[in-house]
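Residue numbers (numbering that gives the first Met the number 0), protein chains in the order written: chain Y, 0 to 161; chain S, 0 to 161.
Protein chains: 2
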Amino acid sequence: MSEDFGLRPGEEAIALPPDFDAGLHFIGRIRTPWTRRAECPKNAAQSDALCTIEVDPRFAPGLQALAGTTHLIVLYWMDRAPRGLLVQQPRHAQAPRGTFALRSPARPNPIALSVVDLLGIAENRLTVRGLDCLDGTPLLDIKPYFASTDSKPDARVGWREA
Amino acid sequence: MSEDFGLRPGEEAIALPPDFDAGLHFIGRIRTPWTRRAECPKNAAQSDALCTIEVDPRFAPGLQALAGTTHLIVLYWMDRAPRGLLVQQPRHAQAPRGTFALRSPARPNPIALSVVDLLGIAENRLTVRGLDCLDGTPLLDIKPYFASTDSKPDARVGWREA
């Protein structure tokens with residue numbers, strides 16, 4: 000466990016299997032204004048900051064035909080997060096919550112997901128709004144956002160209602 | 000390249016780096032009615048089928064506090080997809096498109112994403128609607144869907160407008 004994620008009362012962590020089941024390639028880096036965790040916005044909706052997704056040149060052909068697309072799903076790797084934490088006690092929450100009920104970076108596979116506005120495309124760089132991660136965060140994937148299957152405006156999160 | 004993904008005219012593939020940058024743990028399996036690719040729905044919106052997400056018991060504590068949540072984001076691993084294909088010629092499309100403009104399973108990191116309706120929770124199993132993958136697909140992550148940041152009902156995909 001890293002210092003940032005010492006166990007709080009009610010939290011549960013497990014030891015993960017010794018071997019991985021599959022491997023990831025970092026396909027680029029995300030450039031943001033934030034170099035320390037304390038500077039990052041609490042969530043992406045709280046920030047209007049423009050960020051840049053830098054796709055490694057070898058993967059840049061994959062950006063073809065993105066023009067005119069308004070929103071993207073960006074997957075990136077939270078390489079500083081602990082992976083064994085299964086029940087977490089968020090600050091200001093009354094009770095602990097399971098990791099899969101949270102968007103915390105601490106999870107068995109620390110893949111973060113943000114929906115971003117696509118504002119510009121220049122060679123291998125995308126200008127976007129809607130990220131809240133640290134500068135230099137490894138990029139895993141970019142997908143087009145389809146309102147027909149990805150937009151659920153009436154969705155509710157149980158622990159938020161309580 | 001697997002037989003299913005032989006290169007078509009206009010497609011581009013690269014050799015990927017020899018080493019991985021990070022590793023994944025499979026945290027469960029997805030149970031669906033489909034055992035062959037040809038049987039899978041073209042996209043999840045075309046299917047009302049109920050599917051089951053089976054979380055490995057060791058990770059089940061992470062499901063705590065999911066009750067009352069209506070929609071989840073499910074990440075899973077397309078373990079049969081080729082990873083070097085950067086420009087693809089979808090059937091019925093007039094021109095090739097970059098992998099990052101598509102939701103094709105073929106991508107450098109074949110992490111698929113579906114937004115599902117959460118219909119039931121029983122121990123380590125979630126009953127959901129909205130998946131289109133093969134039975135036995137490895138599970139990577141489950142996240143609560145927040146309408147405030149994840150829902151973009153007006154999003155448009157450029158190549159769809161053309």
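Yeah, the Cβ is synthetic: ideal placement off N, Cα and C, and Gly gets one too.
- Residues of chain S with a CB under 9 Å from the CB of Y:Leu74: which are they? Leu74, Asn108, Ile110, Leu112
- Would you say S:Arg82 reaches chain Y, if we count a Cβ-Cβ gap shorter than 9 Å as a contact? yes
- Message: Is there a Cβ of chain Y sitting closer than 9 Å to that of S:Gln88, yes or no?
- Response: no
- Start-to-end residues for the beta strand (DSSP E) that takes in Y:Asp47: Careful: Y:Asp47 lies outside any beta strand (DSSP E) and carries neither H nor E.
- Where S:Thr69 meets chain Y, residues with beta-carbon distance less than 9 Å: Lys151, Asp153, Ala154, Arg155, Val156, Gly157
- Item | Y:Ser150 burial status per 10 Å Cβ neighbour count (16 or more: buried) | buried
- Length of the line joining the Cα atoms of S:Arg124 and S:Ile29: 10 Å
- Where the alpha helix (DSSP H) containing Y:Ala146 begins and where it ends: 146-149
- Going by C-alpha distance, which of S:Ala94, S:Glu122, S:Ala154, S:Phe19 is nearest S:Pro8? S:Ala94
- Is any beta-carbon of chain Y found at less than 9 Å from that of S:Lys142? yes
- Message: If you follow the beta strand (DSSP E) that S:Arg30 is in, where does it begin and where does it stop?
- Response: 27-30
- Query: Shorter than 9 Å from the beta carbon of S:Asp47 to some beta carbon of chain Y?
  - Reply: no
- Query: What does Y:Pro16 reach in chain S if we use C-beta pairs closer than 8 Å?
  - Reply: His24
- Check the Cβ of S:Arg57 against every Cβ in chain Y and list those closer than 7 Å, keeping chain order. Ile13
- Task: Decide if Y:Gly97 is buried, meaning its Cβ has at least 16 other Cβ atoms within 10 Å, or exposed.
- Result: buried
- Item | Opposing strand residues paired with Y:Glu11 [DSSP bridges] | Y:Val86
- Item | With 16 other Cβ atoms within 10 Å as the buried cut-off, status of Y:Arg36 | exposed
- Evaluate the contact criterion for the segment 102-116 of chain S versus the segment 67-83 of chain S: three or more CB pairs, one atom per stretch, below 8 Å. yes
- Task: Kindly list the residues whose CB is nearer than 6 Å to the CB of S:Phe25, restricted to its own chain and excluding five residues on each side of it in sequence; keep chain order.
- Result: Pro137
- Message: Mapping the DSSP letters down to three states, classify S:Asp153 as helix, strand or coil.
- Response: coil
- Task: State the Cα-Cα distance for the pair Y:Ser46 and S:Gly83, rounded to the nearest angstrom.
- Result: 34 Å
- Would S:Thr126 count as contacting chain Y if we go by Cβ distances under 9 Å? no
- Might you give, ordered along the chain, the residues of its own chain that have their beta carbon closer than 8 Å to the beta carbon of Y:Ala59, omitting 5 neighbours on each side? Glu122, Asn123
- Task: For Y:Pro137, write down the residues that DSSP places opposite it in a beta bridge.
- Result: Y:Arg28
- Message: Mapping the DSSP letters down to three states, classify Y:Leu62 as helix, strand or coil.
- Response: helix
- Task: Would you tell me roughly how many angstroms separate the C-alpha atoms of S:Glu38 and S:Ala48, rounded to the nearest one?
- Result: 12 Å
- Query: Looking at S:Val127 and S:Thr68, is the spacing between their C-beta atoms short of 9 Å?
  - Reply: no
- Message: Let's see if you can read the secondary structure: which residues bound the beta strand (DSSP E) around Y:Asp116?
- Response: 110-121
- Query: Which residues in the same chain have their Cβ closer than 6 Å to the Cβ of Y:Asp140, if we skip the five residues on either side of it in sequence?
  - Reply: Leu74
- 7 Å Cβ shell around Y:Glu10 - same chain, five flanking residues per side excluded: Leu84, Val86, Gln87, Gln88, Pro95
- Query: Excluding five sequence neighbours on each side, which residues of the same chain lie with their C-beta closer than 8 Å to the C-beta of Y:Asp116?
  - Reply: Thr69, His70, Val127, Arg128, Gly129
- Task: Spell out the partners DSSP gives Y:Glu38 in its beta bridges.
- Result: None, per the DSSP bridge assignment.
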